[in-house]
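Colleague:
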Amino acid sequence: MQELRSRDYIFIIITNQSGIAQDIYTHEEVHEVHSYIKEHFANFGIRFAEIYYCPHHPTVSKCLCRKPGSLLVEKGLARFDIDPAQSYFIGDRERDIEAAQAAGVNSILVPSNANLGDYLSMIA
Ligand SMILES: [Zn+2]
Numbered sequence: 011m012q013e014l015r016s017r018d019y020i021f022i023i024i025t026n027q028s029g030i031a032q033d034i035y036t037h038e039e040v041h042e043v044h045s046y047i048k049e050h051f052a053n054f055g056i057r058f059a060e061i062y063y064c065p066h067h068p069t070v071s072k073c074l075c076r077k078p079g080s081l082l083v084e085k086g087l088a089r090f091d092i093d094p095a096q097s098y099f100i101g102d103r104e105r106d107i108e109a110a111q112a113a114g115v116n117s118i119l120v121p122s123n124a125n126l127g128d129y130l131s132m133i134a
């Protein structure tokens, strides 16, 4: 990520957190995890421009923001004036790739907990 930062990329997290809709955990708990992630990465000089999450689950409520829906990807593109053709969505699920493709963003499917350094060569 430091390498990507040096190439002027910004970072956005887009995540499905359907446990909220299913009453498994709360918005506050999700915010706590996000705070931890932000602090941890800040120690290495990495900042996230935004963390977008979908709190919904199709069994509870329908929405457009849950991946593979592309709403949150499009939100990030619009808010930060990002060119989708020069952007990459790195995800570990097929629905991540679908969301990226629907928004015109390049996509890289990686195994869960992959070392992202192994994928740097795929990013222009
Ligand atoms: Zn949603």
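Here the sequence shown is numbered in the working numbering, starting from 11 and rising by one per residue.
In this text, a Cβ means the ideal position worked out from N, Cα and C, and glycines have one as well.
Just so it is clear, the structure is predicted and the values come from calculations on it, not from any experiment.
Between which residues of its own chain and S28 is the CB-CB distance below 6 Å, once the five residues before and five after are set aside?
Modeller: So the list reads H67, once near-sequence residues are dropped.
Colleague: Check whether the Cβ atoms of G127 and S117 lie closer than 8 Å to each other.
Modeller: The answer is no: Cβ separation not under 8 Å.
Colleague: Would you say the beta carbon of R76 comes nearer than 7 Å to a heavy atom of ligand 1?
Modeller: Yes; taking the cut-off as 7 Å, the Cβ of R76 has a heavy atom of ligand 1 nearer than that.
Colleague: Since G86 and E60 should fall inside the 8 Å C-beta cutoff, what is the C-beta to C-beta distance between them, to a whole number of angstroms?
Modeller: Confirmed, Cβ separation roughly 6 Å.
Colleague: Which runs of the beta strand (DSSP E) fall wholly inside the region 50-91 and span at least 3 residues, in chain order?
Modeller: Runs of the beta strand (DSSP E) inside the region 50-91: 58-64.
Colleague: Going along the chain, which residues of its own chain have a beta-carbon closer than 8 Å to the beta-carbon of I56, five neighbours each way excluded?
Modeller: So the list reads M11, Q12, R15, F21, once near-sequence residues are dropped.
Colleague: Spatial neighbours of R105 within its chain, please: CB distance less than 6 Å, with the 5 preceding and 5 following residues excluded, ordered by chain position.
Modeller: Closer than 6 Å at Cβ, skipping near neighbours: K77, P78.
Colleague: Looking at I24: is its Cβ nearer than 8 Å to the Cβ of L74?
Modeller: Cβ atoms of I24 and L74: not closer than 8 Å.
Colleague: Exposed or buried, I34, counting other C-beta atoms within 10 Å across all chains shown (16 or more means buried)?
Modeller: Exposed, by the Cβ-count rule.
Colleague: Ligand 1 and H66: does the residue's C-beta get closer than 7 Å to at least one heavy atom of that ligand?
Modeller: Under cutoff, so the answer is yes.
Colleague: Quick one: residues in its chain with C-beta nearer than 7 Å to the C-beta of P94, no 5 flanking neighbours on either side, listed in chain order?
Modeller: These residues qualify, in order along the chain: L87, A113, G114, V115.
Colleague: Can you tell me whether Y46 is buried or exposed, with buried defined as 16 or more other CB within 10 angstroms of its CB?
Modeller: Result: exposed.
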